[in-house]
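Per my numbering, numbering through the first sequence is continuous, rising by one, with the last residue being 943. Beta carbons are placed, not taken as given, at the ideal position from N, Cα and C, and that holds for glycine.
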Amino acid sequence: MAEYNFREIEQKWQGKWSDQGTYTAEIDPLRPKFYSLDMFPYPSGAGLHVGHPLGYIASDIVSRFKLLKGFNVLHPMGYDSFGLPAEQYAIQTGQHPAVTTEQNITRYTEQLKNIGFAFDWNREVRTSDPAYYKWTQWIFMQLFNSYYDQDADKALSIASLVARFEKDGNSSAKAVCDEGTPSFTAEEWRGYTETQKQQLLLHYRLTFLAETTVNWCPALGTVLSNDEVKEGFSERGGHPVERKKMMQWSMRITAYADRLLKGLDQLDWSEPIKEMQRNWIGKSIGAEVVFDVKGSNQKIQVFTTRVDTIYGVTFLSLAPESDLAAELITDEQRQTAEAYIQQAKNRSERERMSDVKTISGSFTGSYAINPFNGEEVPIWVADYVLAGYGTGAVMAVPAHDERDYNFAKHFGLEIRQVIEGSMENGSFPGKIGTVINSGMISGLSVKEAITKCIAFLEERKIGRGKVQYRMRDAIFTRQRYWGEPLPVYFKEGLPYLIEEKDLPLVLPEVDKYLPTEDGDAPLGRAKNWNYQTAEGEFPLERSTMPGWAGSSWYFFRYTDPKNEKSLADKAKTDYWGAVDLYIGGSEHATGHLLYSRFWAKFLYDIGAVSIEEPFQKMINQGMIQGRSNFVYRIKGTNTFVSHGLKEQHDTSAMHVDVNIVNNDQLNLDKFKSWRPDLATAEFILEDGKYYCGAEVEKMSKSKYNVVNPDDIIERYGADTLRLYEMFLGPLEQFKPWNTNGIDGVYKFLRKLWNLYHPANGGFAISETPASKEELKVLHKAIKKLEEDMANYSFNTSVSSFMICVNELTTLGCNKREVVEPLAILISPYAPHIAEELWSLLGHTTSITRAAFPEFREEYLVESNFEYPVMINGKLRAKLDLPLTLTVPEIEKVALADVQIQKWLEGKSPKKIIIVLGKIVNLVV
RNA sequence: GCCGGGAUGGUGGAAUAGGUAGACACGCAAGACUUAAAAUCUUGUGGCCAUAUGGCCGUGCGGGUUCGAUUCCCGCUCCUGGUACCA
């Protein structure tokens, strides 16, 4: 018989798909569209491992399924090709990052093509391509030329803001701006110099230059954004990160905080991801209260979510970094307080983070006056107060806040209860209750008290209701080489945009990829990194954009990847619309996914696109972890003990390459030739075999647990790889890679092949009509596939295919009426073999153009059914009865069973309907 | 600490508007074919008791609701993801 030769089949069809442009997507108003997107990869030097394609396979299955269902599918792929690793490699080797990136992309593309994805490769984008980053720079320019208008609740042009300033100054405009922006009248504005005006406008622009405290990573020589820092270390490379004040570009993402929060409700994303974004944005509704300082005209502003507890304030705390704190220190307290501030400043961010239990602080000697009752309360400096959140000052209510409580206990300060309820140590009356001991608000509920307090504050102009966000503006510059240059030059120390006609501003050549000798970013090494204007030559910005710049809008570019006139033709972004299915890792929840939503909203505001939320439905695939294998060497020898016997010897464990281990059994010959020092290795075996130990770890080169999809494809073929990755378990689950079950999937494909290829050779298909039993087998699979597609439950579909093929094999069925639709059914999962069978069945067009078989319920309906009689849920007997039972029949059955009689008591059903062994409906 | 997700045979995992737990696959065991091995096919496979019919116990632990709970409720344990002096 003709053998299932996956190598030949897969090569043949991949070639044909590519030559015939089978998956080229074009606008087609007659078909509904479906935009299926994967998070595009960063092309690293290590190549693709088996974890990468997991999500791509899932989206490919959905894409192919949608094609069969008559959708016009857009399923593109590209590369997020700017980034740190290529640059680190460049520093070590002197090779231009563009060169290594190009090599890596070539390898990635080859690996991806081997898996047989239905990608439209004509639409490939690369963020490091000048034709692409021209538009990243263009978006930056639009952000620079925009401000956020709170009345319109959208971004508007800076030009319109200038017009308002000329007319009314800045008091009437409700525009988002930096804290502490001075107010001015129209006359004052008109009197300002150009430099002064530009300086002021920077406080409003959606991307702006400002002195900010940043995460500085000395080892990488660059700043990092909050989401790139994990527990005080850089996400890439794991280097320590410190806080530092620097002049940096930022994106005013906080202006969009509320819309980013509200937009989440409409999205079909998993609840945990939405929750992560909500927490990251961290909206708190509260109030700002101004305290006067006794004997001074200084004022202290605090932010609180619990103004209702204002009568319980017994002290104020200021952040050690605050300038106000230093000013308020009295002479008596000077020595201790200043020493404390110094000590607090010296502690690194990391020390402060790892040590949250130590309570420390110092009295300033000054007192503040509570605006509600005129009481004097001491002002303290404490490092539990963060300079970067709210106003950097806290009104402490020890009775109702745990940190204030601990602080007050530690320093012996007064604790005054103002919410009804019993207070035991460490436990505080909660957010609901009645306010007590609180003058004008006593007796009110917490909610009423808050409303009344805010009214009181606003009336007297000593505070106001305020919404505070945890999210900060996003730092937008990196002191690195391999990124998009900012289209900005400097004149008299102020930033100006280059002209649009000069885009793209192409990355210049440099002699080295390191910072300059005087610590400037690598672009400082470029010759002539200047911009020529009519007024003369000015220096260009030397920092580059962060990795997330290019990835925040690539999904729009796919709709029109070669456009030179705009980021994408609006007719095309309108046609393809929002992404219908986005698959990628949840690790991007507070990075890429938030920034992309921000940029999409901005582009929507300026009319560049018509979609505000770019990703309608998202699935987060779980990481495939590596499963490391270990061998156990008896210390000081070259003898290795099998896992089960290692306790009998003094051994040390050693990682062994998982590619020379099969089902935890070590291949001894391959082990000996793995490394020269192992050639003389000896073994102590169990049952004649060497068993390795195993552990689940992240896939990494150094742990020898990386599995390359090419190896799997070489051995089993791409269709097996695709099916097996899906078979491994639910898509969203984290799971270790193992090939233990891959033989089963491969066997299934061979069985499928053999349905069409009888044992006596050749290809044979019967044209006789199928029996009802055979059609039932097929339609069970159709139904299951459709259900699974709706729930994105890919693993169970593979099982249902196996059952279907096993049953057809048993029936000896090779009837066209059954096996032709079967090929279509399986084609999203195993496209190569399906395409081959399709062509053998005599079709000349691709199987992707086939119509999806229509599910017919009638084939599944049984007329008779084995009715289970149960007691306490245990099967007692099976009676062969009609599917639908009437009451007398039920009673006949029920007579046999006391429990069922009890169940029927008082229910008097007219009819009972049972489907597949389960009582699903009572007709009363 | 706070907010999520999870725990089912030797293994990966099925099954939840409550209804025969363990589908499918791996592994293992026995058998067929073979000089032999590989491949392939057949059968068995949650645990305990029993020659068997069969019985008892079983979805992390302890309770509850129900005729009936892997599924719902209450209280724990452990693993895992996020976040962390956010006022």
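| Asked | Found |
| --- | --- |
| What do you get for residue 486, buried or exposed, if any count of 16 or more other CB atoms within 10 angstroms of its CB means buried? | exposed |
| Mapping DSSP to helix, strand and coil, what is residue 940? | Any reading at residue 940 needs caution, since the residue's pLDDT is 43, under 50, leaving its predicted position unreliable; the model's value is listed next. Note: residue 940 maps to strand in three-state DSSP. |
| Less than 8 Å between the CB atoms is what I'm expecting for residue 497 and residue 260, so what's the real figure, rounded? | With a Cβ gap of about 13 Å, residue 497 and residue 260 do not count as contacting. |
| So, residue 308 versus residue 482, is the Cβ gap smaller than 8 Å? | yes |
| CB-CB under 8 Å to residue 837, same chain, minus the five flanking residues each way: which ones, in chain order? | 789, 793, 794, 796, 797, 827 |
| Rounded to whole angstroms, what is the Cα-Cα separation between residue 781 and residue 75? | 35 Å |
| Helix, strand or coil: which one does DSSP assign to residue 236? | strand |
| Just the C-alpha distance for residue 920 and residue 880, rounded to the nearest angstrom, thanks. | The predicted model places residue 920 with a pLDDT of 49, which falls under 50 and marks its position as unreliable, so this point remains unresolved. |
| How is the beta strand (DSSP E) around residue 91 delimited, first residue to last? | 91 to 93 |
| Helix, strand or coil, according to DSSP, for residue 68 in the structure here? | coil |
| What are the residues that DSSP puts in a beta bridge with residue 634? | 598 |
| Among the residues of its own chain, which have a CB less than 7 Å from the CB of residue 210, if the five just before and after it don't count? | none |
| Spell out the partners DSSP gives residue 513 in its beta bridges. | 510 |
| Output the distance between the C-alpha atoms of residue 31 and residue 814, rounded to the nearest integer angstrom. | 27 Å |
| Exposed or buried, which one is residue 271 when buried takes at least 16 other CB atoms within 10 Å? | buried |
| Which same chain residues end up closer than 7 Å to residue 452 when comparing Cβ atoms and leaving out the 5 residues on each side of it in sequence? | 438, 439, 440, 465 |
| Taking residue 269 and residue 517 to be in contact with their CB atoms under 8 Å, please state how far apart those CB atoms are, rounded to whole angstroms. | No, residue 269 and residue 517 are not in contact; Cβ-Cβ is about 20 Å, not under 8 Å. |
| Using DSSP with H/G/I as helix, E/B as strand and the rest coil, what is residue 133? | helix |
| Considering only the alpha carbon of each residue, which of 24, 126, 67, 140 lies closest to residue 38? | 140 |
| Thinking just about the alpha-carbon of each residue, which of 90, 492, 418 is nearest to the one in residue 454? | 418 |
| Can you have a look at residue 490 and say buried or exposed, based on whether 16 or more other CB atoms are within 10 angstroms of its CB? | buried |
| Since residue 708 sits in a beta bridge, which residues does DSSP pair it with? | 705 |
| Do the stretch 627 to 647 and the stretch 753 to 766 touch if we need at least three Cβ pairs shorter than 8 Å? | yes |
| Cα separation between residue 179 and residue 151? | 29 Å |
| Helix, strand or coil for residue 47, going by three-state DSSP, please let me know. | coil |
| Could you have a look at residue 123 and say whether DSSP puts it in helix, strand or coil? | helix |
| Going by the beta-carbon positions, is the gap between residue 703 and residue 658 smaller than 8 Å? | yes |
| Taking contact to mean 3 or more Cβ pairs, one atom from each stretch, closer than 8 Å, check whether the stretch 170 to 187 and the stretch 396 to 409 are in contact. | no |
| On the DSSP letters alone, give me the boundaries of the alpha helix (DSSP H) that residue 944 sits inside. | Residue 944 lies beyond the residue range present for the chain, which begins at 20 and ends at 943; the question has no answer from this structure. |
| Considering only their Cβ atoms, is the gap separating residue 636 from residue 674 smaller than 8 Å? | no |
| Are the beta-carbon atoms of residue 14 and residue 761 separated by less than 8 Å? | The structure shown does not extend to residue 14, since the chain is modelled only from 20 through 943, so no value can be given for it. |
| For residue 104, write down the residues that DSSP places opposite it in a beta bridge. | Answer is none; residue 104 lacks a bridge partner. |
| What are the complete alpha helix (DSSP H) segments, minimum 4 residues, inside the stretch 319 to 347? | 342 to 347 |
| For the candidate residues 194, 156, 177, whose alpha-carbon lies nearest to that of residue 171? | 194 |
| Return the first residue and the last residue of the beta strand (DSSP E) that residue 556 is part of. | 555 to 558 |
| Based on the DSSP secondary-structure assignment, which residues constitute the bridge partners of residue 821? | According to DSSP, which records beta bridges pairwise, residue 821 is partnered with nothing at all. |
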